[in-house]
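Some notes on the structure that comes next.
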Amino acid sequence: MKLTLDQINDQNKPQSAEHTRSFEFLAESLAKKGNNVEELISKLQALQIAIPSWALGTGGTRFGRFSGGGEPATLIQKIQDVGILHDLNQSSSAVSLHIPWDIPSDYQAIKDSAAEVGICFDAVNSNTFQDQTNQAHSYKFGSLANSEAAVRELAVEHNKQVIEIGEKLGSKALTVWLADGSSFPGQHSLRKALENTHLSLQEIYKAVPEDWKLLIEYKPYEPHFYSTVIQDWGTSFLLANKLGKKAYTLVDLGHHLPNTNIEQIVATLMTEGKLGGFHFNDSKYGDDDLTVGSVKPYQLFLIFQELVKGFSETKNPPLSWMIDASHNLKDPMEDLIQSVQAIKLAYAQALLVDTKSLDAAQEVHDVTGAQEILQDAYRTDLRPLLAEAIRRSGGAIDPIQTFRSLKVRETLIHERGLKSIASGL
């Protein structure tokens, strides 16, 4: 299935008059406050969020999985689904593959499929947190951190293979997330596990092309519940610094203990030039992988406020923007649409912050004034601005409504059936 510009425009027509009124009213208000509306729109159009190949099917929990039908059973179908999302929001021009779930059998066919729907390939993700069929050694007790050299070598070799796959597709980053850790005190040496991980990452780093990034992810717990080898941003940052200029920390919004100040982490990493990118999601308790902005939208805004300041005040390189979510209740594609919208809305709000006034308030310790400046930007309804940016790019004024009106899911079920299951799930 592929959406056409005519279909999008037909869906936009009934909404155009009301949208235009809302946008023009907002634009006038923003201009009166000294904002360059056209510049805001251009920046929103430029922000593209990669869609993970593993998020296009229905996820689940340890207790069950409830498929909605029409899932992409092949990599080409996943690429087609990302193309549909990009047709709707003009903000999802890349797919992030998880290997070995999505190893191309025909690279040219995969690249042709991506070109046909106007998307490219973002970071490739390795998988050493589960054993594959006929695998020579098990990752049950760790991969890059394992006490057995043969297991570590197997995990290193897998990451090198992922890099090779990424090179063939035009990717420019490798994301490494480790499940390595322990569930009981004394299970393994905490120090040796970290040392082994560093040595293993050194071997992977050597294989990373000069124009690539090695993104090191972290997580405080799960699947292990006593220790995780790369448990926080500091350990990731430590390893990235040891490895060299191609290595960076990747921040997953769900990979923090409750009430962690993620915006402060972002500010610190940007100051050091070591923020590599994001896996966006949301959480209530832990790594819940909920729809972006569904639980903590103000935190998302504060993160982007630090990002916007960091872009102008630090030398941190361009970031990799990706979503990492699991969909057990919602239609996965609707969830992804909502997530991308939330990300871009938070970015728009952050762009609205009066940074000069905020700096002045901070200098004189005007705590109340600083809060007012931030909340004035956050409380401004910028949905018409985002809709206008998408419309000008050829997308839908209301992507969710258009997705439903065009019966995208029903069409996919008709084409693929009710029982199709996405790989990796």
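Read the sequence shown against my numbering and you will find it ends at 451, with the numbers running on by one and no gaps. C-beta atoms are modelled at their ideal positions from N, C-alpha and C, and glycine is treated no differently.
CB residue i to CB residue j, shorter than 7 Å?
i    : j    : result
T317 : Q364 : yes
G303 : L345 : yes
N115 : V366 : yes
V255 : T294 : no
D206 : D278 : no
T340 : M296 : yes
K272 : V234 : yes
N38  : I423 : yes
V121 : S152 : no
H163 : A176 : yes
P98  : A386 : no
M27  : T286 : no
S93  : T100 : no
A181 : T159 : no
Provide the residue(s) that pair with residue i in DSSP beta bridges, ordered along the chain.
i    : result
V121 : I77, F147
M27  : Beta-bridge pairing links M27 to no other residue.
Y274 : L241
W347 : F304
V434 : V434 pairs with nothing; no bridge assigned.
S253 : S208
A199 : K239
L316 : D308
G90  : T87
Give the C-beta separation of residue i and residue j to the nearest angstrom, bearing in mind that I take them to be a contact with Cβ-Cβ under 8 Å.
i    : j    : result
H353 : A81  : 7 Å
K186 : I230 : 7 Å
L412 : L362 : Going by Cβ atoms, the distance from L412 to L362 rounds to 16 Å, so no, they are not a contact pair.
I439 : G95  : 4 Å
D357 : R435 : 6 Å
K245 : D313 : 7 Å
L432 : Q161 : With 8 Å as the limit, L432 and Q161 do not qualify as a contact, their Cβ atoms being about 42 Å apart.
Which residues in the same chain have their Cβ closer than 8 Å to the Cβ of residue i, if we skip the five residues on either side of it in sequence?
i    : result
Q388 : A396
K310 : L316, V321
A135 : I102
S118 : Q74, I75, A76, I77, V108, L111, H112, I145, L362, V366
T87  : N354
L408 : L52, L371, A374, Q375, L378
L384 : A396, I399, L400
E183 : none
V292 : V277, L301, I329, E332, L333, G336
P130 : L101, I136, I191, K194, L195
Spatial neighbours of residue i within its chain, please: C-beta separation below 7 Å, excluding the five flanking residues on both sides.
i    : result
D380 : I399
I189 : L200, A233, V234
K335 : T381
L66  : A374, L377, L411
N453 : Absent from the model: residue 453. The displayed extent of the chain is 27 to 451, so no value can be given.
D258 : Y244, P246
K137 : L195
L56  : V63
E360 : I426, F429
Excluding the 5 residues preceding and the 5 following residue i in the sequence, name in chain order all residues of the same chain whose CB lies nearer than 6 Å to its CB.
i    : result
E456 : A query on residue 456 cannot be resolved here, the shown segment of the chain reaching from 27 to 451 and no further.
Q71  : A415, S419
Y274 : K239, L241, A266, K300, G302
H305 : D278, M348, D350
S139 : I102, I105
A403 : Q375, L378, V379
S446 : E97, A99
H214 : S208
Any beta carbon from chain D within less than 7 Å of residue i's own beta carbon?
i    : result
D308 : Absent from the structure is chain D; it holds one protein chain and no more.
Given 8 Å, three or more beta-carbon pairs between the region 100-120 and the region 70-80:
yes
Touching by the beta-carbon criterion (3+ pairs, under 8 Å), the region 318-331 and the region 247-262
no
Below 8 Å, can you find three or more Cβ-Cβ pairs linking the region 190-202 to the region 132-152?
yes
Taking three-plus beta-carbon pairs below 8 Å as touching, is the region 120-133 in contact with the region 31-50?
These segments do not touch.
When the Cβ atoms of the region 162-175 are set against those of the region 214-231, are three or more pairs found closer than 8 Å?
yes
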